[in-house]
Ligand code: ADP
Ligand code: MG
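Residue numbers (the UniProt record's numbering): 1 to 249.
Here is the structure:
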């Protein structure tokens, strides 16, 4: 992913003030920052849930949401936006599973409905994905029969089912009871080690230390500091990063 000069305002409030962020294939980037610093808005821009006011975002070398014709950016048709969005997986704080569908049905919905994958094939892959997130045998469970941690792992499997080039996580453990956080982080750590390209907004500093290739600290709609977790987390240079991290000591 390659974000260049990304700007986003809501009314008079400039929420992203020109973000440059490159994420390499296989890299895991953890985004930290205080509430209101623009972390969710950045992910939502990458995933085309928000329209940019300036700058460009490329995934796999292609513009997200725009087309370059004669050197100018043109908005894409809705169907093309849907196709490009399908290349990016997103996991939210709220798991957003379809309550009337089983775990398996939730996972195959996108591949069959959006990508047109043959059902048999999607089902076989979904079983494999459930095993990959530690939920072998829970194919027929409905969301209400699963714990929050299990539901979030189904949501991760559902995103993976689209074979995304990039996975975005927006505080995926913030809505969970403390005792369920570990199983979701373990799944994410596993995915990171398998070489998935991931951008993770989280306040889980230990996860950042163990799983991130790079840590980004955002404040006031800007990236104010970034680097390897050992540097940013253990010896932050920026005063705002220091103040933020002091809360976790
Ligand atoms: P974070 O995820 O870092 O907490 P957000 O990206 O959610 O921050 O929000 C950044 C700022 O943008 C906040 O001041 C928030 O109130 C504002 N904001 C976010 N979404 C909207 C929206 N749809 N309309 C108006 N303001 C918004
Ligand atoms: Mg947020």
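For glycine and all other residues, C-beta sits at the position ideal for the given N, C-alpha and C.
Notebook entry, point to check: Comparing the CB of residue 39 with every heavy atom of the ligand ADP, is any distance shorter than 7 Å?
Noted result: yes
Check: In whole angstroms, what separates the C-alpha of residue 22 from that of residue 220?
Finding: 19 Å
Notebook entry, point to check: Around the C-beta of residue 37, are 16 or more other C-beta atoms found within 10 angstroms, so that it is buried, or is it exposed?
Noted result: buried
Check: Under 8 Å between the Cβ atoms of residue 215 and residue 30?
Finding: yes
Checklist line | For residue 66, the residue or residues it bridges with in DSSP | finding: 75
Checklist line | Start-end ranges of the alpha helix (DSSP H) lying completely within the region 78 to 103, minimum 4 residues | finding: 78 to 85
Margin query: Count Cβ pairs between the region 62 to 81 and the region 170 to 189 that sit closer than 8 Å; are there 3 or more?
Written below: no
Check: Which residues in the same chain have their Cβ closer than 6 Å to the Cβ of residue 25, if we skip the five residues on either side of it in sequence?
Finding: 197
Checklist line | Given residue 108 as reference, the closest of 99, 123, 98 once Cα atoms are compared | finding: 123
Note to self: Residues in the same chain with beta-carbon distance under 7 Å from residue 47, minus the five sequence neighbours each way, listed in chain order, please.
What the structure shows: 85, 88, 90, 168
Note to self: Could you compute how far the alpha carbon of residue 39 sits from the alpha carbon of residue 32?
What the structure shows: 8 Å
Notebook entry, point to check: Should residue 158 go down as buried or exposed, given a rule of 16 or more other Cβ atoms within 10 Å for buried?
Noted result: buried
Next item on the list: Decide if the region 192 to 210 is in contact with the region 11 to 19; the criterion is three or more beta carbon pairs, one per stretch, under 8 Å apart.
Entry: no
Note to self: Please state the DSSP three-state secondary structure of residue 237.
What the structure shows: coil
Check: If you count every other CB in all the chains shown that lies within 10 Å of the CB of residue 206, and 16 or more means buried, which is it?
Finding: exposed
Next item on the list: Could you tell me which of 173, 141, 132, 163 sits nearest to residue 149, measuring between CA atoms?
Entry: 173
Check: Can residue 177 and residue 43 be called in contact, C-beta distance under 8 Å?
Finding: no
Item checked: residue 154 beta carbon less than 8 Å from that of residue 103 -> Cβ atoms of residue 103 and residue 154: closer than 8 Å.
Item checked: beta strand (DSSP E) segments (min. 3 residues) lying fully within the region 111 to 187 -> 166 to 170
Notebook entry, point to check: Are the C-beta of residue 208 and some C-beta of chain B separated by less than 8 Å?
Noted result: Protein chains in the displayed structure number just one, and chain B is not present.
Item checked: Residues bridged to residue 17 [DSSP beta-bridge criterion] -> DSSP lists 7 as partners of residue 17.
Next item on the list: Taking only runs that begin and end inside the region 190 to 232, name each unbroken alpha helix (DSSP H) of 4 or more residues, in chain order.
Entry: The alpha helix (DSSP H) runs lying completely inside the region 190 to 232 and spanning 4 residues or more are 205 to 211, given in chain order.
Next item on the list: Determine the contact status of residue 213 and residue 27, defining contact as a CB-CB distance below 8 Å.
Entry: yes
Notebook entry, point to check: So residue 223 and residue 19 are in contact, right, with Cβ under 8 Å, and what is the actual spacing, rounded?
Noted result: 6 Å
Check: Per DSSP, what kind of secondary structure is residue 247 in: helix, strand or coil?
Finding: coil
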